[in-house]
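Colleague: Going line by line, the protein sequences match chains A and B.
Those letters in the first sequence? Residues 1 to 526, per the numbering used here, in order.
Those letters in the second sequence? Residues 527 to 846, per the numbering used here, in order.
My questions all concern the structure below.
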Amino acid sequence: MSTQTLAPPTEDLPPDNKRVVMGLFRRLWRWLTSMRTALILLFLLAVAAIPGSVLPQRNLNQDKVSQYYVAHPKLAPWLDRLAAFNVFSSPWFSAIYLLLFISLVGCLVPRLRAHAVALLRVPPDAPARLDRMPAHAGGLVLDGAPAAAAQRLHALLKARRFRVRTRARADGSVTVSGEKGHLKESGNLLFHFSLLAILTGVAFGSSYGYHADRLVVEGPDQAFCNTLQQYDDYGLGTRVKPGDLEPFCLQLNRFQARYADTGEPLAYAADVAYTVGDGPERTTRIKVNDPLRLAKARVYLMGHGYAPVIRYTDRYGRTQTTVAPFLARDGLETSEGVAQFPDVNTPPTGRDPDHKQQVAFQGVYVPTANGKDAVSVFPAERNPVLVITPYRGDLGLDTGIPHSVYTLNQDEIASGRLTALTAAPLRLKPGESATLDDGSRVEFVGTRQWAAVTVRYDPGEQVVLAGAVCLLVGLVAMLFGRRRRVWFRVTGDGRASTAEAAALARGEYAGFNAEFEAIVREAGSS
Amino acid sequence: MSGLSVLLLETTILGYALAMLSYAAEYAFGSRGVVARVATGERVLAGAGGPSLVEEPPPAAPAPVHAMAGAVAGRIALGLTVATWFAHVGSVVTRGLAAHRVPWGNMYEFVLAACLVGATAWLVLLARRPTVRPLGLYVTLALVLLLGTDALRLYTKVGPLMPALDSYWLKIHVSAAITASGILLVGFVAAALTLVRIGYEAGKDRFPYSLGDRLPGSDGLERLTFRIHAFAFPIWTFAIICGAVWAEAAWGRYWGWDPKETWSFVAWVLYAGYLHARATPSVKRSVATWIAVIAWVAMMVNLFGVNLVISGLHSYAGVK
């Protein structure tokens, strides 16, 4: 009833309802900020992360999600509706950690206030009954008057890095109070606030950062610049505009891979040349674990492979050359791909409107062949062979449907609009050529290597790193800090004093008794 | 050299197995007899906390001969554990010499090294608190199982590091992960036995709880469990942070929810939950201890499940 007189009723809610709502809100808040709820949320967070490691995730591998759709056509759409392929950006995962952080803030703010008070407060006076404390020692005989003895005890505790306060009582006794171990709560608060800092850093980074992927083949003709059009795939933070990207251009001069005799890779390195803005051209070497670091972008080496160079001379004698990156399908670099020539065999009289004479070569590049098999036995080029099947017809490039550039359009082959020209694939070594049925000629010129690079920028990283370091510092202080209080009460006449000592530890402290005994021993001999 | 490493590993497994048998013999003959009580000292027992062992009714006063046999078996167990530890160190060192690099470049080496940390943690613990010796049976059992799996299922020939691992962070991140895993292994054994003992003290006499008969008091065990976890948790945190710093250099992002990262996170959250539950008076100690056990399950999923079943960026197991 008393609250009703304090809070003026609002127009839209009758007073009773408002009180009910406020009461409900307060109860909800208390529930949310309770340790039990925080524990349940922590547990939920752990459980909610599990599907993200079991089911394929879009942010990690889109192809695997597609494969999952093919394998489980009924289940996949349902899982997708539950955001099971985007667990870590799903509403339910976000809800859990946001609730957890709200709970954390609700818990921390009052504790921060209390801790600030505790830090400023002087150690409290000794309780009336020291013998009720968990550790107690009586009958210490000390030299000198109580005041002088207390001064020595004060110095003793000070030397042990206690905060000390000496108080003279009206009855002539003197009490010395010492307190130590505020670091524990400081560490605890630092740990939890660091979690907030990390979350802030992550959010900041995802808003102002970006990443982009590209495959870059060796050679000046294959250089690229840091603009969105030049990427195979990219993701921009919500606050990043295409014009904000660091203006640099990069070309791959040479890719090097070293292998052990067993074919296991030892080292990859990409020698690149780059320019930033109008600056001079520089060269550097990018390695796995050693990216190119620019002011607002970094370039990582993520993968590599071979790109066969194929020259095709059509039936009218015109020559075109293409560099077609092939993808490795095993650890020994047996690589698959396709080289397409959409604008060939156009009659001198005009265009080939039906695309009936387009040509493509699909097959396997084997860096080290051994016998007839189209399977590599070593990842470096010791006995390179290109095993390709020529196709002619409509490549289906104008259908508007996005399609992998590493395989031919299977629909076109199935419908007969694109047909293989030879029953067995052609086997070409570098420099060799073959003549097709219409008199056109294909030559395997050689290979260039390619590197897959990722360009990234994440301005939140520093915040996250600082947060992580503070978190660790806070954690150690929290787990190994020990808060305890020690009291002495000194009584006596002008010449000799007796003292009583007691101590209290908050929380777990294995060495508590030993420390107290040492203090008492020191006090006795002081 | 790599052959020697394997030989030493076989010796290690055999040694821990023999130590385990000796611990079991001590168990059977009753280490709580007079000899053990004198040997370990009552004060220490009380320090270990809980209803001290002395307060319990002496189990049908074991015959002096049996008590003596138990004490001898206990000494043998201790000696075997220490001797085997040297063989274990030898196995890790010779593996590193054979590979010309730090010996933790694949899953086989990871498990071998993590078990060494676990064995070391156990010996340090034993030196500081001799009363925990009854746990030895289970620690060595865990070591034998893990090392046996390692030798039989995970063995990988000595090879060079794959380029992705060729970084000084391998020394920092992986060694931190190994250290944390090894200590948490001992923490898990302590946690599981705490639950057994709590059940035993509550009057349960079915199989797992009946083992609680020979264990130290649940309060002391529970506190020990907490201390081990409190010690290991910052190391595990450090391992994850180092992993994130390395991931930034290798993959361009410090965190990407790769399966290994996800399960490290799950285990971290669960261990954090354990420490919080332990600090909350309203949560029963047995409930808190269960969280530690579940967290260890997450660690095991992270080791075996992620490396062998789920594919991801951390595919360094090299197990064919």
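Think of the CB as a built atom: it goes at the ideal place given N, C-alpha and C, for glycine as much as any other residue.
Owing to the predicted nature of the structure, the values given are computational and were not obtained by experimental measurement.
What does Y268 of chain A touch in chain B if you count any residue whose Cβ is under 8 Å from its own?
Modeller: Near Y268 of chain A (Cβ distances below 8 Å), the residues of chain B are P689.
Colleague: Helix, strand or coil for K158 of chain A? Go by DSSP, reduced to three states.
Modeller: Helix, per DSSP.
Colleague: Applying the criterion that 16 or more other CB atoms from any shown protein chain within 10 Å of the CB defines a buried residue, is S548 of chain B buried or exposed?
Modeller: Burial call: buried.
Colleague: Under the three-state reduction of DSSP, which class applies to G492 of chain A: helix, strand or coil?
Modeller: G492 of chain A: strand per DSSP, three-state reduction.
Colleague: Against D692 of chain B, what residues of chain A qualify as contacts under a CB-to-CB distance less than 9 Å, listed in chain order?
Modeller: Within chain A, the residues near D692 of chain B are L266, A267, K287, V288, N289.
Colleague: What separation, rounded to the nearest whole angstrom, lies between the Cα atoms of N226 of chain A and L245 of chain A?
Modeller: Going by the C-alpha atoms only, they are around 7 Å apart.
Colleague: According to DSSP, R293 of chain A sits in a beta bridge with which residue or residues?
Modeller: According to DSSP, R293 of chain A bridges with A:R298.
Colleague: From A:L190, A:Q358, A:H154, pick the residue whose C-alpha is nearest to that of E179 of chain A; which is it?
Modeller: Nearest option by C-alpha distance: A:H154.
Colleague: Using the Cβ count rule (16 or more neighbours within 10 Å means buried), how would you classify L418 of chain A?
Modeller: By the 10 Å Cβ count, L418 of chain A comes out buried.
Colleague: Strictly below 7 Å CB to CB, what residues from chain A border E774 of chain B?
Modeller: Ordered by position in chain A, the residues that pass the 7 Å Cβ test against E774 of chain B are E461.
Colleague: Nearest-angstrom Cα distance between Y553 of chain B and G725 of chain B?
Modeller: Cα to Cα, Y553 of chain B sits roughly 19 Å from G725 of chain B.
Colleague: Nearest to L28 of chain A by alpha carbon, out of A:L99, A:G277, A:Q62, A:K64?
Modeller: Measuring from the Cα of L28 of chain A, the nearest candidate turns out to be A:L99.
Colleague: Can you tell me the Cβ-Cβ gap for A876 of chain B and S693 of chain B, rounded? I've got them flagged as a contact below 8 Å.
Modeller: As shown, chain B starts at 527 and ends at 846. That puts residue 876 of chain B outside it, with no answer to give.
Colleague: Residues bridged to K287 of chain A by DSSP?
Modeller: The partner list for K287 of chain A (beta bridge, DSSP) reads A:A269, A:D290.
Colleague: Quick one: which chain B residues come within Cβ less than 7 Å of F88 of chain A?
Modeller: What F88 of chain A touches in chain B: W783.
Colleague: Could you work out which residue in A:V366, A:R26, A:S206 is closest to L459 of chain A when comparing CA atoms only?
Modeller: According to the sequence as given, residue 459 of chain A is Pro; it is not Leu. With distances taken between Cα atoms, P459 of chain A lies closest to A:S206.
Colleague: Kindly list, in the order they appear in chain B, the residues whose Cβ is closer than 7 Å to that of I50 of chain A.
Modeller: Near I50 of chain A (Cβ distances below 7 Å), the residues of chain B are V792.
Colleague: Keeping to the same chain, check which residues put their C-beta closer than 7 Å to that of V65 of chain A; ignore five residues upstream and five downstream.
Modeller: So the list reads P56, R58, F85, once near-sequence residues are dropped.
Colleague: Quick one: list the residues of chain A neighbouring V795 of chain B, beta-carbon separation under 7 Å, in chain order.
Modeller: Within chain A, the residues near V795 of chain B are L42, L45, A46.
Colleague: If we call anything under 7 Å between Cβ atoms a contact, is E432 of chain A one with S376 of chain A?
Modeller: In this structure, S376 of chain A does not lie closer than 7 Å to E432 of chain A by Cβ.
Colleague: Are the CB atoms of S173 of chain A and T498 of chain A nearer to each other than 7 Å?
Modeller: No, they are not a contact pair.
Colleague: Using C-beta distances below 6 Å, list every residue in its chain close to G446 of chain A, excluding the 5 sequence neighbours before and after it, in chain order.
Modeller: Hits under 6 Å: V309, P430.
Colleague: Quick one, are the C-beta atoms of H304 of chain A and R456 of chain A less than 7 Å apart?
Modeller: No; because the gap between Cβ atoms is not below 7 Å, this pair is not in contact.
Colleague: Name the DSSP bridge partner or partners of D233 of chain A?
Modeller: Paired residues: A:D213.
Colleague: Can you give me the Cβ contacts of L156 of chain A inside the same chain, cut-off strictly under 8 Å, excluding the 5 residues immediately before and after it?
Modeller: So the qualifying residues of the chain are I519, E522, A523, S526.
Colleague: For the alpha helix (DSSP H) holding A128 of chain A, just list the boundary residues, first then last.
Modeller: First-last for A128 of chain A: undefined, no H or E at that position.
Colleague: Are the C-beta atoms of T537 of chain B and some chain A residue less than 7 Å apart?
Modeller: Judged by the 7 Å Cβ criterion, T537 of chain B is not in contact with chain A.
Colleague: Would the region 744-763 of chain B and the region 471-486 of chain A be scored as touching if the rule is three or more Cβ pairs under 8 Å?
Modeller: Cβ pair count under 8 Å is three or more, so yes.
Colleague: Curious, which full-length alpha helix (DSSP H) runs of at least 4 residues does the region 753-809 of chain B contain?
Modeller: Fully enclosed alpha helix (DSSP H) runs of 4 or longer: 785-805.
Colleague: Kindly say whether G769 of chain B, judged by its beta-carbon, lies nearer than 7 Å to any beta-carbon of chain A.
Modeller: Answer no: the Cβ-Cβ gap between G769 of chain B and chain A never drops below 7 Å.
Colleague: Using beta carbons (cut-off 7 Å, strictly below), is R456 of chain A in contact with chain B?
Modeller: Yes, R456 of chain A lies at the interface with chain B (some Cβ there is under 7 Å from its Cβ).
Colleague: Hey, how far is the Cα of P583 of chain B from the Cα of G139 of chain A?
Modeller: Any answer about P583 of chain B is weak, because its pLDDT of 42 lies below 50 and its placement is not dependable; what the coordinates show is given next. Each residue's alpha carbon lies about 38 Å from the other.
Colleague: Strictly below 8 Å CB to CB, what residues from chain A border G685 of chain B?
Modeller: Those are A260, T262, E264, listed as they occur along chain A.
Colleague: Considering only the beta carbon of each residue, do A270 of chain A and L301 of chain A sit closer than 7 Å?
Modeller: Yes, Cβ-Cβ distance for A270 of chain A and L301 of chain A is below 7 Å.
Colleague: For A501 of chain A, which beta-bridge partners are listed by DSSP?
Modeller: BP columns for A501 of chain A point to A:A137, A:F488.
Colleague: Considering only residues of the same chain and omitting the five flanking positions on each side of R318 of chain A, which have a CB-CB separation below 8 Å?
Modeller: Counting only Cβ-Cβ distances below 8 Å, and skipping sequence neighbours, we find V344.
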